[in-house]
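Participant:
Protein chains in written order, with the working numbering: chain A, 6 to 481; chain B, 6 to 481.
1. Which residues of chain B have a Cβ atom closer than 8 Å to the Cβ of residue 282/A, listed in chain order?
2. Below 7 Å on C-beta distance, what does residue 196/B contact in chain A?
3. Is residue 311/A close to chain B? Criterion is C-beta to C-beta, closer than 8 Å.
4. Using the C-alpha atoms, what's the distance from residue 284/B back to residue 338/B?
5. What would DSSP say about residue 332/B, mapped onto helix, strand or coil?
6. Give the range of the alpha helix (DSSP H) segment to which residue 43/B is assigned.
7. Check whether the segment 285-299 of chain B and the segment 192-209 of chain A are in contact - that is, three or more C-beta pairs closer than 8 Å.
8. Taking C-alpha atoms, which residue in 411/B, 459/B, 364/B lies nearest to residue 477/B?
9. In the segment 170-188 of chain B, which residues sit with their C-beta less than 9 Å from some C-beta in chain A, listed in chain order?
10. Assuming residue 45/A contacts residue 21/A (C-beta within less than 8 Å), just tell me the rounded distance between them.
11. Can you tell me where the alpha helix (DSSP H) with residue 396/B in it begins and where it stops?
12. Below 8 Å between beta carbons: does that hold for residue 391/A and residue 254/A?
13. What three-state label does DSSP hand residue 360/B in the structure shown?
14. Indicate whether at least one CB of chain B lies closer than 8 Å to the CB of residue 7/A.
15. Taking the alpha carbon of residue 39/B as the reference point, which residue from 172/B, 470/B, 143/B has its own alpha carbon closest?
16. Between residue 438/A and residue 167/B, what straight-line distance do the alpha-carbon atoms span, to the nearest angstrom?
17. List the residues of chain A whose Cβ lies closer than 9 Å to the Cβ of residue 132/B, in chain order.
18. When you compare the CB of residue 341/B with every CB in chain A, is at least one pair closer than 8 Å?
19. Please return the same chain residues whose Cβ sits closer than 8 Å to the Cβ of residue 278/A, not counting the five positions on each side in sequence.
20. Sort out for me which residues DSSP pairs residue 81/B with in a bridge.
21. To the nearest angstrom, how far is the alpha carbon of residue 35/B from that of residue 423/B?
22. Residue range of the beta strand (DSSP E) that residue 5/B falls in?
23. Looking at residue 102/A: is its Cβ nearer than 8 Å to the Cβ of residue 58/A?
24. Do residue 52/A and residue 74/A have their C-beta atoms closer together than 8 Å?
25. Using the beta-carbon of each residue, which ones in chain A are nearer than 9 Å to residue 13/B?
26. In terms of residue numbering, what span does the alpha helix (DSSP H) encompassing residue 14/A cover?
27. Using the Cα positions of residue 33/B and residue 189/A, report the straight-line distance between them to the nearest angstrom.
28. Reducing DSSP to helix, strand and coil, say where residue 466/B ends up.
29. Which complete beta strand (DSSP E) runs does the segment 109-181 of chain B hold, if anything under 3 residues is left out?
30. Going along the segment 212-240 of chain A in order, which residues come within less than 7 Å of chain B, judged by CB to CB distance?
31. Report the residue from 87/A, 280/A, 365/A whose alpha carbon sits nearest the alpha carbon of residue 8/B.
32. Between which two residues does the alpha helix (DSSP H) carrying residue 405/A extend?
33. Take residue 197/B as the anchor and find which of 449/B, 118/B, 151/B, 122/B has the nearest alpha-carbon.
34. Suppose the cutoff is 6 Å on Cβ atoms and the five residues either side in sequence are ignored; what does the same chain contact list for residue 355/B look like?
35. May I have the straight-line CA-CA distance separating residue 469/A from residue 111/A, to the nearest angstrom?
36. Can you give me the Cβ contacts of residue 365/A inside the same chain, cut-off strictly under 7 Å, excluding the 5 residues immediately before and after it?
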């Protein structure tokens, strides 16, 4: 049957009952159904289950509500996500406090596992095996099995009663076109839900007005449509990221740890011609502004951007073009976009030459820990995002991090003390004090920050460490 | 790295060594890389493994070679397909004879399982569970497991050394756009292969010339490109299907079995408003020409067409718009296309209200057999196509078939004697002599062909059978 076309967001969400399960797309503010979420907030449904990347974004405009606002009102009883806390700092205590108080159940998943479980739900596949998370706390209770000599864990499909979707264009048959990185979870959640409600940015056009080949999601998955043009024009504007400032060289003899931008520039200049690189949130994404464009490096992000360039200025900024950190970026010629399941397909397929991630701890065995956790105990709360999927299959793992804690204790250790993101695989660490390789269970100091001696770096490094015979200052 | 752009097809396939595994897309002539296959035929590589929907189409133009021609030359040692024989009758004996002689190994798979195994290979998923084929000969040696009270079988991923792909447009970054149902296996095979070679129908454009949102396959999966515009213009023209002729009513009192068109019209008129229907090869696809367009029925085909209308005339004919039988069809406004894995996702997700298939035998327990097999013994050769996937999850299964064999023996039986396509599920059978429901393990005769009595139909029907109290002549 053709989908129902509603004239208001309130009408579109009116039928969602207490106790419903909802799939909510969106990543970095792009592709989030803010209008439907605002209507749902006012509609009042409670005892909800939410399946989403994170515990819910919020908007700075107080008229606009997000999943985080619904969680804050204690209307969510279960959350399945790769971040159990929202990205807004104020959301951390509330969502996680609800879990610790037993008011909300939470299941934390690697982001690629979340996407693939949703894709499986939409594809009638009850369960599948995946490498993401093997060797970490998240895999402890899961069934393991070996294929081709490698360990995988069993994951089951996710479906939901409703998906609230945001599309760019739609026709009256329900066919949808998404825009740029706003595609993210939208098509796969529409496929996995029993009832799909769509807010559409443009006016809805007659069936046949869209070219059949440009449609991203067939209308057979869509049940209700409402155009933003017919009911309000709520959009969430994001502050564009500022371009990374130029790297300032230290004066001769000056003793100075690297700035975040300098760490990023060391990373950016190490990417090799033709590589496909995935840059994680924080210093790694900053590295995109220091990559020589002539080398043909393809920067990808787990939200489905393939071929971004650098942090965008205000004029260049497009709210639907964001990197892993939700920052606005520019695109190279030939850039394209895929949905979240296809994005992690690319990652698991082994096409990523290097993934660069931030970390709290790295050990000499190549393991590292980068979960964002608010407090101990380590109870599977916090944020894992796509890191576990990325490290499972990237050809190389590099880490960008602070060399020590604020108290001066080493973050480079013999063994990690925090829950692992990966039990192995890191080969390069770039810190504010040094560039170190990890080889044969040892840190090898290859480059040191301006004014530092290798001996000083050894003293600030835990675990087995040696100095490369041709150790040199970091070129800035 | 940017893909290599070759000037000839021969250059593009020159590096394929003996012993390589190849994924070869194409369905009903659409999306088949005829130019690359012709070059491969002349290149001479042997001991090949082929992963494809069928044992290989052939072209009527003798300059154009297909996989079938390479199999005929005994250069293929292993075939993984949903049809171990080609669709051209002359191919049946050769391909299957090679298997029986031990010259070629063959693995026959349900088409949706084939597509999903390729998709898994391209997504770094080593194995998954699927319902297709449970209860049939094809599942006998497979590992079973229950999820949510239902039985599934374990299937492992497929990858290959090479995929030979046919795209409509490409840019210099390797980004691809497919056209209509020519998409079929192309994107998923490109994702699953270690080396992807693409023939492109249009001249290759600079990176950035395609809109990022219209790209179907990111260029990161593409290694070699060659435009048909730069090396020959080989295209395979298909004879367009003729529209089904009008249904002629029998004169009063005339005793006449239904024609194929009449059987199709009975099916077509039984489809209900808003249904999603999948019509199998033969009489079922013919039914598309008898569906009342005003009812909003969506006809889908496992090759990824969503929303076709009827068999096309020569003027309407588009070689990239074909149904399950490879016949050219027209489209309804709002029609769209997905790749093969997404097409079977839709099917397994349970969105198909009815699937209509041909059959050799149907039993009173709702089981049926419709494998195309050349000869006994039933050794997993022949053709299964998408039937096992379709019957696993369609809400209803209808069968269109001949009531008896040429010798007058019943094809409606207490138990099927041929290998099953499904062990259950058929609820309606339309034959040349009657319309029968299957209820509670019995055939129920509801309508009879002009001039026949219910008693005559009972005599021609095996298994438990009864006559509906309101039995009537079939309305034509």
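The beta-carbon is built from N, C-alpha and C at its ideal position, and this holds for glycine as well.
Facilitator: Concretely, from the data shown:
1. Simply none; closest approach about 11 Å.
2. By Cβ distance, chain A contributes 350, 354.
3. Judged by the 8 Å Cβ criterion, residue 311/A is in contact with chain B.
4. The straight-line gap from Cα to Cα measures roughly 19 Å.
5. Note: residue 332/B maps to coil in three-state DSSP.
6. 39-48 is the span of the alpha helix (DSSP H), which, as asked, contains residue 43/B.
7. Fewer than three Cβ pairs drawn from the segment 285-299 of chain B and the segment 192-209 of chain A lie within less than 8 Å of each other, which leaves the two stretches out of contact.
8. It is 459/B whose Cα lies nearest to the Cα of residue 477/B.
9. Answer in chain order: 173, 176, 177, 178, 179, 180, 182, 183, 184, 185, 188.
10. Correct: roughly 7 Å between the Cβ atoms.
11. Note, residue 396/B: alpha helix (DSSP H), 392-398.
12. At the C-beta level, residue 391/A and residue 254/A stay beyond 8 Å of one another.
13. Collapsing the DSSP output to three states places residue 360/B in a strand.
14. Yes, contact with chain B.
15. With distances taken between Cα atoms, residue 39/B lies closest to 172/B.
16. Going from the Cα of residue 438/A to the Cα of residue 167/B covers about 45 Å.
17. Those within 9 Å of residue 132/B in chain A are 133, 134, 150, 152, 157.
18. It does; some Cβ of chain A falls within 8 Å.
19. Result list for residue 278/A: 300, 301, 302, in chain order.
20. DSSP output for residue 81/B lists 53/B as bridge partner(s).
21. Straight-line Cα distance between these residues: approximately 32 Å.
22. Outside the shown range of chain B (6 to 481) lies residue 5/B, about which nothing can therefore be said.
23. No, they are not a contact pair.
24. For residue 52/A and residue 74/A, no; Cβs fall outside 8 Å.
25. Result: empty, since nearest Cβ-Cβ is about 24 Å, beyond 9 Å.
26. Boundaries of the alpha helix (DSSP H) harbouring residue 14/A: 14-18, taken from the DSSP string.
27. Going from the Cα of residue 33/B to the Cα of residue 189/A covers about 32 Å.
28. In this structure, DSSP gives residue 466/B a state outside helix and strand, which the three-state scheme calls coil.
29. Runs found: 110-113, 132-135, 149-152, 155-161, 165-172.
30. Per Cβ criterion, the list reads 212, 213, 217, 218, 219, 220, 223, 224, 225.
31. Of the listed residues, the one whose Cα sits closest to residue 8/B is 280/A.
32. Looking at the DSSP string, residue 405/A is not in any alpha helix (DSSP H); the run it does join, the beta strand (DSSP E), is 401-406.
33. Among 449/B, 118/B, 151/B, 122/B, the Cα nearest to that of residue 197/B is on 122/B.
34. Excluding sequence neighbours, residue 355/B sits near 398.
35. Within the model, the alpha-carbon separation for residue 469/A versus residue 111/A is close to 38 Å.
36. Closer than 7 Å at Cβ, skipping near neighbours: 374, 375, 416, 423.
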